[in-house]
Amino acid sequence: MRGSDERSGSLFSYVDLEARIRSDHPLRTIRQIANAALNDLSRDFDKLYTAFGRPSIAPEKLLRAMLLQAFYGIRSERQLMERLEFDLLLRWFVGLGVDDPVWDHSTFSKNRDRLLEGEIAAKFLNALMGQHQVKRLLSSEHFSVDGTLIEAWASIKSFRRKDGGDQDSDGPGRNAERSFHNEKRCNETHQSTTDPEARLYKKGGGQPAKLCYIGHALMENRNGLAVLGGVSRATGTAERDQALALIDWGLSGISCAGERLNITPPWL
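In our numbering, the protein residues as written are 77 to 344.
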């Protein structure tokens with residue numbers, strides 16, 4: 077018998093999110109480990125918030141949402157909020173009910189920045205590494221460190237001379253076109269007006285120089301886990317300097333996983 081294509085609406089809907097997620101889904105194990113790490117950070121969360129005022133987004137939900145953003149390669153907070161609107165799996169992982177409203181993307185970003193300023197993201201990673209289910213997957217003998225360029229949110233046209241002696245632009249306005257023909261530019265004499273920390277850099281010959289930073293990742297090769305990560309200014313020695321710091325800190329953290337929360341990463 078052919079089924080009907082009509083939508084069956086109802087006044088009330090009883091949806092148990094726990095029953096909608098299959099029992100062997102990988103996110104179930106990840107959520108269990110993440111919740112254990114979040115419980116260890118309860119006192120750190122209390123230090124970031126006052127005892128009065130309007131309730132903010134729960135930091136536990138913020139961090140679980142940030143994990144999903146990394147797992148699924150969601151490019152922006154706006155897209156993340158759109159996914160939370162209709163994806164029951166993501167709602168269950170974050171801790172939102174079916175009828176709970178999704179936050180505005182700007183509110184999410186503002187609350188996330190509070191956690192980043194309080195170094196909670198690094199402490200959360202430390203707490204995850206200290207969990208028994210994760211600790212047994214790590215080895216202090218199989219590590220590699222790599223770096224990649226992270227392009228800054230600054231136009232190359234903002235790269236101006238520090239003494240203000242630039243040539244006139246080719247048009248009106250702050251973002252007018254500029255000609256760099258026969259003009260020598262380097263980090264010693266020039267600086268971005270919109271992102272002063274960004275540096276002009278390229279990783280190899282024949283590649284264009286861009287205003288960027290360098291991202292570093294410490295990988296545990298036996299199980300392919302990212303143990304540590306960080307961002308530094310783009311310099312010629314940044315990769316090897318940060319590689320040594322990451323390896324030293326990573327090895328010491330794994331060897332004394334129970335004390336990871338007292339160790340400060342080298343880039344903070």
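Cβ coordinates follow ideal geometry from the N, Cα and C atoms, glycine included.
Values in this document were obtained by computation on a predicted structure and should not be read as measured data.
Of all the options the options, which has the alpha carbon lying nearest to the alpha carbon of residue i?
i: Ala230; options: Asp317, Ala274, Glu94; result: Ala274
i: Leu204; options: Glu161, Leu322, Arg140; result: Arg140
i: Arg130; options: Ser99, Asp92, Thr183, Pro102; result: Thr183
i: Met142; options: Leu164, Ser185, Asp176; result: Ser185
i: Lys211; options: Val303, Gln283, Phe147; result: Val303
i: Gly223; options: Asp120, Tyr148, Asp317, His101; result: Asp317
i: Ile196; options: Pro135, Gly281, Ile150; result: Pro135
i: Tyr90; options: Ala127, Arg151, Thr105, Val174; result: Val174
i: Arg104; options: Gly149, Trp168, Glu259, Ser132; result: Trp168
i: Arg188; options: Phe147, Phe121, Pro102; result: Phe121
How is the beta strand (DSSP E) around residue i delimited, first residue to last?
i: Ala302; result: 301–309
i: Val221; result: 219–227
i: Ser268; result: 266–268
i: Arg237; result: 235–237
i: Tyr277; result: 275–277
Specify, as a first and last residue, the run of the alpha helix (DSSP H) that residue i falls within.
i: Leu350; result: Only positions 77 to 344 of the chain appear in the structure, and residue 350 is not among them; the question remains open.
i: Gln108; result: 102–116
i: Phe147; result: 135–147
i: Leu93; result: 93–96
i: Leu164; result: 164–170
Residues bridged to residue i by DSSP?
i: Glu153; result: DSSP lists no partner for Glu153.
i: Gly291; result: Thr224, Val307
i: Glu193; result: Paired residues: none, contrary to the question.
i: Glu296; result: Phe219, Leu301
To the nearest angstrom, how far is it from the Cα of residue i to the Cα of residue j?
i: Pro342; j: Ala319; result: Only weak support is given to the placement of Pro342: the predicted model assigns it a pLDDT of 41, under 50, and the value that follows is read from those uncertain coordinates. Each residue's Cα considered, the two are about 10 angstroms apart.
i: Lys279; j: Gly194; result: 32 angstroms
i: Glu315; j: Glu153; result: 29 angstroms
i: Asn202; j: Thr270; result: 33 angstroms
i: Glu94; j: Asp180; result: 25 angstroms
i: Phe200; j: Arg309; result: 24 angstroms
i: Arg159; j: Leu166; result: 7 angstroms
i: Ser331; j: Trp325; result: Residue placement at Ser331 cannot be trusted, given a pLDDT of 48 that sits under 50; what the coordinates show is reported in the next sentence. Answer to the nearest angstrom: the Cα atoms are 10 angstroms apart.
i: Asp176; j: Glu227; result: 36 angstroms
i: His208; j: Ser216; result: 16 angstroms
i: Gln145; j: Gly241; result: 43 angstroms
i: Asp100; j: Cys288; result: 41 angstroms
i: Arg96; j: Gln108; result: 17 angstroms
i: Ile133; j: Gly306; result: 26 angstroms
i: Pro272; j: Pro284; result: 20 angstroms
i: Leu233; j: Arg261; result: Going by the sequence as given, residue 233 is Lys instead of Leu. Rounded to whole angstroms, Lys233 to Arg261 spans 12 angstroms at the Cα level.
i: Asn111; j: Pro102; result: 14 angstroms
i: Leu156; j: Glu259; result: 43 angstroms
Ignore the nearest five residues each way along the sequence and tell me which others in residue i's own chain have a CB closer than 7 angstroms to its CB.
i: Leu213; result: Asn299, Leu301
i: Leu114; result: Glu136, Leu139
Given residue i, which residues of its chain have a CB within under 8 angstroms of its CB, disregarding the five upstream and five downstream residues?
i: Ile323; result: Phe219, Val221, Leu294
i: His73; result: With the chain represented from 77 up to 344, any question about residue 73 goes unanswered, as that position is not in the structure.
i: Leu191; result: Leu124, Pro135, Leu138, Leu139, Ala197
Please find out if some non-hydrogen atom of the ligand MG comes closer than 7 angstroms to the beta-carbon of residue i.
i: Glu94; result: Ligands displayed in this structure: none; no statement on the ligand MG is therefore possible.
Going along the chain, which residues of its own chain have a beta-carbon closer than 6 angstroms to the beta-carbon of residue i, five neighbours each way excluded?
i: Lys286; result: Glu227
i: Ser268; result: Ala230, Ser234, Phe235, Ala274, Leu287
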